[in-house]
Amino acid sequence: MKSEIAISVRGVTKKFRLFSSPKERLIEALHPFRKQYHREFLALQGVSFDICRGEIVGILGRNGSGKSTLLQIICSVMQPTHGEVVVNGRISALLELGAGFNPEFTGRENVVLNGAIMGIARGEMLRRMQEIEAFADIGEFFDQPVKTYSSGMYVRVAFAAAIHVDPEILIVDEALSVGDSRFQHRCYQKIRAYMEQGKTILVVSHATDTLLRICHRGVVIDAGRVVHVGPISEAVTHYHALLFGNQVPHQETVDLPDQLAEVKSRVVVEQRHILSSDPTDYTASRAAYNPHETRMGSGAVGLVDFEIVVGDMIDPPEIPKHAEVELLVKLHFRESLERVSFGFALVSVDGTYIAGTNSEMAEGPYLTAAAGECVLVRLHWRSHVVGGEYFLNIGCHHVQAGEKTFLDVRRSLAKLKFADTPGCYGFVNLEYVAKVQRLTAT
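Quick note on numbering: numbering that gives the first Met the number 0 labels position 352 of the sequence shown as 351, and the sequence is numbered without any gaps.
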């Protein structure tokens with residue numbers, strides 16, 4: 000019986016020796032008394048986690064955090080200084096641009112070489128060659144030396160070779176960001192097929208929207224240590240906190256008693272807190288509020304209330320098709336700031352961004368207020384969303400001297416239900432009209 004654990008990482012530490020110059024490396028190697036000229040750099044420090052069979056896991060971290068080093072150790076390209084990695088299953092990895100390729104060999108020859116490394120006979124790789132060549136789709140360059148390839152060609156051939164060896168575990172390290180949109184689409188189609196087959200996939204990417212869409216869990220690494228392991232939405236929040244600032248500090252919130260839960264929408268409607276200058280956070284009292292939201296930001300500005308208005312209904316249980324929708328959001332400025340960018344996004348349950356905008360993309364309006372003031376933002380649109388449940392992301396950030404600071408970003412703040420739209424599928428109702436004309440011979 001196969002183990003349910005596909006990859007087990009236990010106490011992995013990796014040290015590198017750093018020298019100020021090649022000369023010092025030579026002197027240390029030849030020194031009769033073993034004098035040390037190097038300093039040690041800990042790329043990984045006591046890293047431990049497990050990945051189960053069939054999981055899709057995203058590895059997140061800032062540049063230099065140790066992600067690529069970890070993947071190379073998992074793939075046995077590099078050995079750990081301490082600790083161990085146990086892998087149950089055949090791994091195929093696209094670690095970095097052209098990794099493992101001989102620049103003097105052609106694409107075709109490198110594919111055969113890649114198969115040999117994976118333990119696949121030359122004859123078997125040749126039988127798969129036509130399919131690999133078609134997937135890479137680089138024409139006559141497939142038979143040219145790899146050193147003549149562009150970065151996009153490298154990725155095409157490397158990915159085609161990696162996925163056509165029938166791996167049980169697929170590892171992809173940032174490489175897909177190089178390909179064009181058409182090739183990326185084909186790659187993600189292949190990854191989805193692997194997902195449906197129950198294969199294990201490990202993905203490193205800075206494209207968090209992609210990770211949210213395809214991953215089950217996330218592992219966040221910072222300065223060589225694992226700082227978070229959990230659901231991908233939580234992992235992305237931790238990663239953004241590392242990039243842009245700390246979590247929003249605790250704020251006063253209003254929770255209605257359980258016995259009033261069924262009427263909390265009516266209470267909010269009657270009081271209309273959102274139209275007052277009261278800075279208390281009332282978001283948790285909203286009928287559409289999602290208690291499993293994730294939140295991050297410096298807290299210099301806080302999102303303290305929101306309201307969905309459709310006609311004379313406030314926070315309706317379901318948004319009718321073709322409805323005119325107004326989103327009201329109240330922001331409390333705890334510091335005086337100018338040109339604050341506000342944005343929102345409608346997201347599907349699998350993390351796909353359906354629609355959204357922000358002040359920078361729309362070239363305004365920006366928000367300016369003094370400390371202690373509240374600002375009300377109103378957004379209006381007509382719904383063309385296909386029926387179903389969606390999440391609402393709302394946030395604001397400040398850009399100064401080219402540096403972006405997240406002030407308050409609330410992902411999956413609200414869960415909205417849109418009325419069924421018979422006759423179409425997907426996310427957007429195009430309101431198409433079909434006409435049929437019979438063509439007769441003249």
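No residue lacks a Cβ here, since even glycine has one placed at the ideal position from N, Cα and C.
Looking only at A361, V300, F134, M152, the smallest Cα-Cα distance to G371 is reached by V300. L169 places its beta carbon less than 9 Å from that of A161. One alpha carbon belongs to F305, the other to S64, and they sit about 37 Å apart. Residue nearest to K416 within the set L429, S382, L406 is S382 (criterion: CA-CA distance).
Segment contact: the region 203-211 against the region 47-58, three or more CB-CB distances shorter than 8 Å; contact assigned. The residue among L29, G45, A28 with its C-alpha nearest the C-alpha of R224 is G45.
Look at D208 here: in three-state DSSP terms it is helix. Take F48, set aside five residues on each side of it, and the residues of its chain with a beta-carbon closer than 7 Å to its own are V8, V218, V225, V228, in chain order. The Cβ atoms of E323 and V309 sit closer than 9 Å to each other. Annotation: the continuous alpha helix (DSSP H) that includes L70 extends over 66-73. The beta carbon of S411 sits closer than 8 Å to the beta carbons of S232, N289, H291, E292, T293, V346, F390, L391, N392 from its chain, once the five residues preceding and following it are set aside; these are given in chain order. Note that the region 135-147 touches the region 98-114; at least 3 beta-carbon pairs, one per stretch, sit closer than 8 Å. The continuous stretches of alpha helix (DSSP H) do not include E39, which lies in the beta strand (DSSP E) extending over residues 38-51.
Between the region 327-338 and the region 361-381 there are three or more C-beta pairs closer than 8 Å, enough to call the two in contact.
Put simply, of Q188, G386, L274 the residue whose alpha carbon is nearest the alpha carbon of H321 is G386. Here DSSP, grouped into helix, strand and coil, assigns Q129 to helix.
In the three-state scheme derived from DSSP, where H, G and I count as helix and E and B as strand, H272 is classed as helix.
Within the DSSP bridge table, the entry for T236 names no partner. In this model, A344 and P166 are separated by some 36 Å (Cα to Cα). For E430, no beta strand (DSSP E) run applies, since DSSP gives it neither H nor E. Around the C-beta of N113, 16 or more other C-beta atoms lie within 10 Å, and the residue is accordingly described as buried. The DSSP-derived three-state label of T147 is helix. DSSP places V308 inside the beta strand (DSSP E), whose first and last residues are 300-309. For D172, the beta-bridge partners assigned by DSSP are V203. Sixteen is the threshold: since fewer than 16 other Cβ atoms of the shown chains lie within 10 Å of the Cβ of F15, the residue is exposed. In this structure, L69 sits away from L93, with a CB-CB distance that is not shorter than 9 Å.
Excluding residues up to 5 positions away in sequence, T12 lie with their Cβ nearer than 6 Å to the Cβ of H81 in the same chain.
Note on geometry: alpha-carbon atoms of M360 and A286 lie some 30 Å from one another. G10 is the residue among S19, R127, G10 whose C-alpha sits nearest the C-alpha of Q78. Partner residues in the beta bridge of M295, as assigned by DSSP, are V408.
Here H239 is buried. Its C-beta has 16 or more other C-beta atoms within 10 Å.
One thing to note: L326 has its Cβ within 9 Å of the Cβ of H379. When DSSP states are grouped into helix, strand and coil, D277 belongs to the coil group.
Around V384, the same chain offers F417 as residues with beta carbons nearer than 6 Å, after the five sequence neighbours per side are excluded.
The C-alpha of I273 is placed about 45 Å away from the C-alpha of D172. In terms of CA proximity to V85, R52 leads the group R52, P102, N101.
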